[in-house]
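For reference, the structure is listed below as structure tokens.
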Amino acid sequence: MFPFRLHTGLVAPLDHPNIDTDQIIPKQFLKRVERTGFGQFLFYDWRYGADGSPDPSFVLNDPRYSGATILLGGRNFGCGSSREHAPWALLDYGFRAIIAPSFADIFQNNCTKNGFVPVVLSQAEVSELSRRAREFEGFSATVDLERREVRDGAGFRASFEFDEFRRQCLLRGLDDIDLTLQHETLIRRFEEERPAWLETANMG
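First residue of the sequence shown? That's 10 in the working numbering, and the numbers climb one at a time after it.
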């Protein structure tokens, strides 16, 4: 997992409430066994019409937001099923962070475990960012995880809270496997000292 400390990028506004994981990545695209390749199906039912052509009214099909890496969402973003494919799809599409008034708990946890940063700001602050993203072409913002702050180049500045353990994991680029491997010496010693009649793990 790549470390996340500070990221500045183009902002795309999608501030609808209760966007669930089936809208983020529809169930018919969950057959892949790897984490990559889901970005092309992100918000598929909204991005494309019944004939498969792009819907020009959807925000991610607007050329103004091409290459956006920060997404603005509405309250309760990521509700629905617990599929980890949702943050995989957002990351694979190119997003690095999402800003919303609130997130579904499981989605929020899945994000931090995959290096994707969910930032909670007030509804008023998210609405102001959305207004700027719509009014000013090329609007970008900075998500600063070290300072726990979102800011732009035109005076917007808002602080946010973030679980300290998860923040440190993101700053250092550590997922659950990396955290476990930090104790590899102790794990190996434990395995070597186990009684011979117990099955031992293959430590390579």
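All C-beta atoms in this analysis are idealised placements derived from N, C-alpha and C, irrespective of residue type, glycine included.
Remember, predicted model here, so these are calculated numbers, not experimental data.
Contact check for Phe67 against Trp55 passes: the beta carbons are separated by less than 8 Å. A residue is called buried once 16 or more other Cβ atoms fall within 10 Å of its Cβ, and His25, having fewer, is exposed. Using a Cβ-Cβ distance cut-off of 8 Å, the stretch 58-77 and the stretch 117-137 are not in contact, since fewer than three pairs of beta carbons, one from each stretch, lie closer than that value.
Collapsing the DSSP output to three states places Arg175 in a helix. Between the beta-carbon of Gly18 and that of Arg105 there is about 7 Å, and that keeps the pair under the 8 Å contact cut.
Shown here for Ser90: same chain residues with a beta carbon closer than 6 Å to its own, the five before and five after excluded, namely Thr30 in chain order.
Taking each of Pro12, Leu100, Ile108, Ile79 in turn and checking the Cα distance to Phe148, the smallest one comes out for Ile79. Taking the CA atoms as reference points, Arg143 sits about 16 Å from Gln132. The continuous beta strand (DSSP E) containing Thr151 extends over residues 149-153. The beta carbon of His94 sits closer than 7 Å to the beta carbons of Ile34, Leu39, Phe47 from its chain, once the five residues preceding and following it are set aside; these are given in chain order. Note: Leu80 is bridge-paired with Ala21, Ile107 in the DSSP secondary-structure output.
By the Cβ neighbour-count rule, Leu179 is buried, with 16 or more other Cβ atoms within 10 Å of its own.
Membership of Glu158 in the beta strand (DSSP E) is indicated by the continuous run 158-160. Residue state for Val129 is assigned as strand, using DSSP reduced to three classes.
Using a 10 angstroms sphere on the CB of Ser111, the tally of other CB atoms reaches 16 or more, which defines it as buried. Counting along the chain, the unbroken beta strand (DSSP E) around Ala167 starts and ends at 166-168. Gln117 places its beta carbon less than 8 Å from that of Gly87. When C-alpha distances from Glu158 are compared across Ile108, Asn27, Asn123, Asp114, the shortest belongs to Ile108.
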